[in-house]
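Under my numbering, the first residue of the sequence shown carries the number 1, and numbering increases by one thereafter.
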Amino acid sequence: MIQIRLRNFLDMSTPIIFIYIILSLGWNPFIFFNVEILLGIVLIISSLHFFILFDKNLEKGYRSMIFLSFFILLLSLIFSFVKILFHNIKITADIKISTLISLILYVLIRATYFMRMIVYVKIHNPAFIFVASFVFLSFLGSSLLMLPASTVRKISFIDALFTSTSAVCVTGLVVLDTAKDFTYLGKIFILILIELGGLGILTITSFFSYFFRDGFSFKEAIFVSNFLNTKTTSNVLSLAVKVVMFTLTVEFIGALLIYFSIKEKHIIECDSILFFSIFHSISAFCNSGFSTLSQGLYSESVRFNYLLHIIIAFLLILGGIGFNILFNFFTYMWLTVKKYFLKIFKDEDLRRPAHVVTLNTKVVIYTTFFLLFFGTIFYYISEYHFSLSEHSSFHGKWIASFFSSATSRTAGFHVLNINSLTPITILFTIFLMWIGASPASTGGGIKTSTFALALINIISLARGKNRLEIQKKEISSESIRLSFSIIMLSIIVIYISILIIIFLDPKEDILSISFEVFSAFSTVGLSLGITSNLSNGSKLVLILLMLLGRIGVFNIMIGFLRKNKIGSHHYYRYPKGNILIN
């Protein structure tokens with residue numbers, strides 16, 4: 001009976017704690033805001049969770065949620081008490097931040113649990129949930145970024161929404177200086193939004209579902225499979241967990257490599273080299289392009305750090321190639337190595353399953369390699385006597401060219417002076433931005449597979465074939481129609497957006513506006529420097545473009561347009577008619 005009352009008390013206190021966190025972050029003079037009260041709240045809540053765990057009648061999923069919440073709160077308490085004990089101090093910024101983060105995670109875990117209980121039961125459209133999750137994150141992030149504790153000076157709602165949407169949609173376009181206009185806490189909020197936007201709320205929810213273990217319904221499996229771009233629902237939960245764990249592992253390794261790649265750590269103009277490493281590792285893998293440096297990687301302190309450029313470039317490629325492609329490739333490599341060792345040490349021959357590497361993996365990897373290779377050569381030739389001239393060494397020019405080729409399709413990092421690029425390079429960059437990354441990745445654009453499919457189909461039609469074949473496999477008409485629909489929709493949306501911004505900001509030149517629109521729609525984040533000068537109307541257009549680019553125009557249409565009755569079109573066929581095209 002006592003445990004039931006405690007459960008009800010915690011359920012009712014969660015929104016109160018959330019409001020308290022907002023007040024604590026927003027108004028430092030708030031009368032009830034100090035470290036002692038924060039620690040007291042954490043201690044009381046963790047104690048209540050501890051007592052609830054002794055209830056033998058708890059549902060399995062609810063018990064897991066309570067245990068996970070208790071574990072996070074306990075870690076915060078241990079950190080705080082150790083800090084006080086060994087440093088002989090009562091109040092530090094570290095304790096304050098760690099305590100607030102633990103409370104935020106606590107609220108997030110409980111909200112995630114109850115969201116699964118409500119949303120998946122009431123809403124039957126996976127596309128709508130997918131769209132709503134990004135819109136909700138964007139507005140929530142803008143509210144957090146407008147808090148007085150998040151910024152150095154007061155910012156407008158449009159600028160906060162633009163920054164939040166850019167982070168959630170992993171774009172990197174900015175209207176404010178991330179390094180100077182946001183506090184340490186504000187940068188943490190941006191980093192969290194980047195991570196949540198890169199992985200997606202549905203993936204995060206599925207990750208927690210794995211620990212809650214209270215059953216993963218077929219409906220939820222359909223929702224998450226739509227986001228992860230997988231056709232099967234049988235192992236979608238384990239796939240979501242793999243995505244989260246793989247992401248965290250790569251980001252951790254990337255942060256370590258970035259940290260040790262900076263030899264003279266005192267020259268970096270930021271608060272902490274460790275935070276710089278973590279921030280840029282997450283930002284790079286999620287293809288966001290946000291930086292804690294005012295000029296990004298073009299800052300003098302890191303402009304010629306070619307080892308750092310290589311690390312960032314490979315993080316960009318890994319994040320932009322797609323989780324399914326990476327897992328499929330690693331499976332192939334593991335089976336190849338296993339077969340090799342069995343042959344040497346046990347004289348056994350391992351029979352690999354047929355077609356381990358899928359056709360989708362081959363198309364994406366070949367297209368990515370093609371774009372990276374020829375993109376690098378193009379940048380090297382077109383910018384050799386211009387923006388590359390400041391990179392004096394031979395290897396420096398090639399690394400800068402390779403980096404530019406990688407970042408132009410995915411993220412807004414740059415090691416060349418964007419404003420000094422030749423017109424032909426700008427047009428080529430627009431082309432790369434339009435293609436973008438690969439399906440089920442953290443990048444945007446029309447995607448490499450869409451571009452490859454459309455290009456191969458054109459060649460196939462020119463040869464007189466009435467079907468599309470790739471490596472002895474016939475591509476479905478649905479895939480072909482979808483690829484051309486995506487291309488056509490992207491051109492329409494981009495063209496209309498350019499016209500609107502030209503009308504709203506006639507002083508800006510058309511090339512800069514076009515560059516900005518392509519960058520926003522493809523969630524790249526590169527800019528010719530006009531973002532902050534645009535009117536509020538143009539900023540709203542870019543905000544909408546970033547959401548469309550990250551979510552996908554087709555997902556928007558599926559989410560808001562009603563379909564025909566299920567299967568009704570399968571029961572009839574009209575006579576075929578031909579339309580003259582030449």
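In this text, a Cβ means the ideal position worked out from N, Cα and C, and glycines have one as well.
Is T410 near N324, with beta carbons less than 7 Å apart?
no
Does L137 get closer than 7 Å to chain B when you measure Cβ to Cβ?
In the structure shown, chain B cannot be found, because there is only a single protein chain.
Within 10 angstroms of its Cβ, does K576 collect 16 or more other Cβ (buried), or is it exposed?
exposed
Comparing C-alpha positions only, which one of K472, T531, S283 sits nearest to D509?
T531
Cutting at 8 Å between CB atoms, please list the residues of its own chain near L326, excluding the five before and the five after it.
F246, L318
Give me, in chain order, the residues of the same chain whose beta-carbon lies closer than 8 Å to that of E474; leave out the 5 immediate sequence neighbours on both sides.
R467, L468
With 16 as the cutoff for other CB atoms within 10 Å, does V152 come out buried or exposed?
With fewer than 16 Cβ atoms within 10 Å of its Cβ, V152 is classed as exposed.
Which residue comes first and which comes last in the alpha helix (DSSP H) that contains S497?
477-504
Mind reading off the beta-carbon distance from G396 to F314? Whole number of angstroms is fine, and I expect it under 8 Å.
Contact doesn't hold; Cβ gap of about 17 Å is too wide.
Do S47 and S76 have their C-beta atoms within less than 7 Å of each other?
no
Does the segment 487-506 touch the segment 381-390, meaning 3 or more C-beta pairs lie closer than 8 Å?
no
In this structure, does DSSP put I317 in helix, strand or coil?
helix
S477 versus T450 - alpha carbon distance:
13 Å
Within 8 Å, do at least three Cβ pairs link the segment 181-197 to the segment 534-542?
With a cut-off of 8 Å, the segment 181-197 and the segment 534-542 do not count as touching, because too few Cβ pairs lie within range.
To the nearest angstrom, report how far apart P147 and T331 are at their CA atoms.
The residue asked about is misnamed: residue 147 is Leu in this sequence, not Pro. The straight-line gap from Cα to Cα measures roughly 46 Å.
As assigned by DSSP and simplified to three states, the class of I513:
helix
Can you list, in chain order, the residues of its chain with a C-beta nearer than 7 Å to that of F79? Leave out the 5 residues immediately preceding and following it.
S98
What is the rounded straight-line gap between the Cα of F71 and the Cα of L105?
11 Å
Let me check one thing: in DSSP terms, what residues is T151 bridge-paired to?
F182
Applying the 10 Å Cβ sphere with the 16-neighbour rule, what's the burial state of F218?
Unreliable placement is indicated for F218, whose pLDDT of 48 sits below 50; the coordinate value is still reported in the next sentence. F218 comes out exposed.
Which of the three DSSP states, helix, strand or coil, is assigned to K339?
helix
When DSSP labels each residue in this structure, what does K397 get in the three-state scheme?
helix
Sort I435, F128, M12, L73 by Cα distance to M557 and report the nearest one.
F128
Where N457 falls, given that 16 or more other Cβ within 10 Å makes a residue buried:
Buried, by the Cβ-count rule.
Cβ atoms of S164 and L173: under 7 Å apart, would you say?
no
What do you get for A462, buried or exposed, if any count of 16 or more other CB atoms within 10 angstroms of its CB means buried?
exposed
As assigned by DSSP and simplified to three states, the class of K539
helix
Does the beta-carbon distance from Y259 to S283 come in below 7 Å?
no
Let me make sure I understand the geometry here. Which of L526, I17, V82 has the alpha-carbon closest to that of F413?
Answer by Cα proximity: L526.
Please state whether the Cβ-Cβ distance between G320 and A437 is less than 7 Å.
yes
Sequence-distant residues of the same chain with beta carbon closer than 7 Å to G254, five excluded per side:
Counting only residues of its own chain and dropping the five nearest sequence neighbours on each side, G254 has a CB closer than 7 Å to the CB of S281, A284, F285, I311, L315.
In this structure, does DSSP put E383 in helix, strand or coil?
In the structure shown, E383 sits in coil (DSSP, three-state: anything other than H, G, I, E or B).
Given this structure, state the Cα-to-Cα distance separating M65 from I491, to the nearest angstrom.
46 Å
Which residues mark the beginning and the end of the alpha helix (DSSP H) in which V356 is found?
Judged by DSSP secondary structure, V356 falls outside any alpha helix (DSSP H); it is assigned neither H nor E.
Taking L359 as the reference, give the member of L297, I262, S479, F279 with the closest Cα.
S479
F402: which of I418, T422, Y380, N417 sits nearest, CA to CA?
Y380
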